[in-house]
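In the UniProt record's numbering, the protein residues as written are 1 to 67.
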């Protein structure tokens with residue numbers, strides 16, 4: 001298993017609640033919660049998305065808003 005990103009740290013750096021993070025990045029809130037509690041681990045596409053969010057959360061949210 002590949003170690004996943006620290007989802008909670010990424011979310012907190014973006015200054016968002018779990019619900020707001022989930023809504024902003026189109027991820028089910030239960031999935032965010034499970035990732036943070038290590039019940040589930042992000043798959044490869046989710047790890048890429050989380051890495052992009054970590055690098056520039058505003059830009060990624062803006063791109064998703066346009067999609």
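In this text, a Cβ means the ideal position worked out from N, Cα and C, and glycines have one as well.
If you ignore the 5 residues before and after residue 22, its C-beta comes within less than 7 Å of the C-beta of 28, 29 and 32, all in its own chain and listed in chain order. In this model, residue 59 and residue 18 are separated by some 19 Å (Cα to Cα).
Comparing alpha carbon positions, the residue from 43, 67, 11 and 48 closest to residue 36 is 11. Residue state for residue 57 is assigned as helix, using DSSP reduced to three classes.
Between residue 26 and residue 64 a beta carbon distance of about 6 Å is seen, short of the 8 Å cut, so the two are scored as contacting.
A distance below 7 Å between beta-carbons, with the five flanking residues on each side excluded, links residue 34 to the following residues of its chain, in chain order: 40. Of the candidates 49, 15 and 66, the residue whose Cα lies closest to the Cα of residue 5 is 49.
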